[in-house]
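Read in order, the letters of the sequence shown correspond to residues 1 to 244 in full-length UniProt numbering. Worksheet: the structure to be examined is printed underneath.
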Amino acid sequence: MNSSPRISLAGEMGAGLIDGAERVMRAVGAWKKGRVYSFAVPQCREKIATATYSDQFEGDYWVARQTEFRELDPRTRRAVFDLLMRYSAGKADLDHCHTQYEKEYIEELVQIHLTEHPLAGAPAHYSCFSYLAQLEYKLQWPLSRRRFCNLILVAWHESGNSAYVISLAVSPEVAGARPGNFVEAQYSAVEHIEFDPESGSLKWTMATCSDAKGHIPAWLARMSMNGVVAQDVAHFLRWAETTK
Numbered sequence: 001m002n003s004s005p006r007i008s009l010a011g012e013m014g015a016g017l018i019d020g021a022e023r024v025m026r027a028v029g030a031w032k033k034g035r036v037y038s039f040a041v042p043q044c045r046e047k048i049a050t051a052t053y054s055d056q057f058e059g060d061y062w063v064a065r066q067t068e069f070r071e072l073d074p075r076t077r078r079a080v081f082d083l084l085m086r087y088s089a090g091k092a093d094l095d096h097c098h099t100q101y102e103k104e105y106i107e108e109l110v111q112i113h114l115t116e117h118p119l120a121g122a123p124a125h126y127s128c129f130s131y132l133a134q135l136e137y138k139l140q141w142p143l144s145r146r147r148f149c150n151l152i153l154v155a156w157h158e159s160g161n162s163a164y165v166i167s168l169a170v171s172p173e174v175a176g177a178r179p180g181n182f183v184e185a186q187y188s189a190v191e192h193i194e195f196d197p198e199s200g201s202l203k204w205t206m207a208t209c210s211d212a213k214g215h216i217p218a219w220l221a222r223m224s225m226n227g228v229v230a231q232d233v234a235h236f237l238r239w240a241e242t243t244k
C-alpha cells in the first residue's frame, strides 16, 4: 500500500485492504519519532498530546500521528471515542459518511464528490462500507489547489470497539473524475480508532503517504506534513464538541 494510484479496482477485496491497513498500523511504532504536538481542546483543561512518526514503508515516505488521550478522565475518554465512531468512522451512507464529516472540520477541503463502490471479499468480523471520492483541496502556498481521488473503505469491528478508515489512491479515471483547473495529486491513508472497554484506554492513529505533484519538491512537501496531520486532531475535537 502506497500513494501510487490504482488504475483499476478489478479484484480489489475488502479483506485485502484490511490486511494492508493492519500492516501499516503494526509498523508505525517502529518508525522514527518526530515532534510531540500539544493542542488546547474543549474536552479538558490540559493540552492533548499527539505524537508523530515518519519513515520509508512499502516503497513510499509515510508520516503518522497517534493520540492516546491520557489527559482525559475515563468518562470523557469514552465520550471522545463515541464522537470518533460517530463522525470519523461515520455511518454506512454517503450523507453521513467519514468524508462528509471530514469536510466540516478540515478547512482546506472545499469540495467533495462521492459515489458508492461496493467491494467483494468482506473481511471476517467487520462490517464495511466503501465508496469512490473526489476531494478538492485549496492548500496553503506553495501547493495551491489539488484534487485527490480515492477509494475509501470504512470497516467497523463487530465488537463495536474499533474501526478502520482506509483511503486508497486511485486514478481520476477510476474515480470517474472530469478534467478541472487543479493539479491531480495522490495520497493513501489508514486511520484506526481503538477503544479498550476494560482499561478505558483509547488510541487514535492515522498514517499517510502522499505525492503533491506539480512543481513542488518532495523534500519541501514533507517539511510540514507532521504538523498538518497532527493538527487534524485538534480540528476534529473542537468541531465535534459543537455537535453536542
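The C-beta atom is built at its ideal place from N, Cα and C for all residues, glycine as well. All of these numbers come straight from a predicted model, not from anything done at the bench.
- Boundaries of the beta strand (DSSP E) harbouring T115: L109 to E116, taken from the DSSP string.
- Counting of Cβ neighbours within 10 angstroms places S162 among the buried residues, the total reaching 16 or more.
- D95 counts as exposed, since fewer than 16 other C-beta atoms from the protein chains shown sit within 10 angstroms of its C-beta.
- Scanning E116, R86, E136 and H117 for the CA closest to the CA of E107 turns up E136.
- Minimum Cα-Cα distance from S4 among the listed residues S171, A234 and W204 corresponds to S171.
- The stretch 231-243 makes contact with the stretch 39-53; the number of CB pairs closer than 8 Å reaches 3 or more.
- In this chain, H192 is not harboured by any alpha helix (DSSP H); it is covered by the beta strand (DSSP E) spanning V183 to D196.
- Between the stretch 16-30 and the stretch 51-62, the count of Cβ pairs shorter than 8 Å is three or higher; the stretches touch.
- Annotation for E46: E71 place their beta carbon closer than 8 Å to its own, counting only its chain and skipping 5 residues before and after.
- Comparing alpha carbon positions, the residue from T99, V233 and H125 closest to D19 is H125.
- Assigned with DSSP and collapsed to three states, H235 falls in helix.
- In this structure, the straight-line span from the alpha carbon of F81 to that of L202 is close to 7 Å.
- Between N181 and the set M206, V190, F148 and P74, the nearest pair of CA atoms involves F148.
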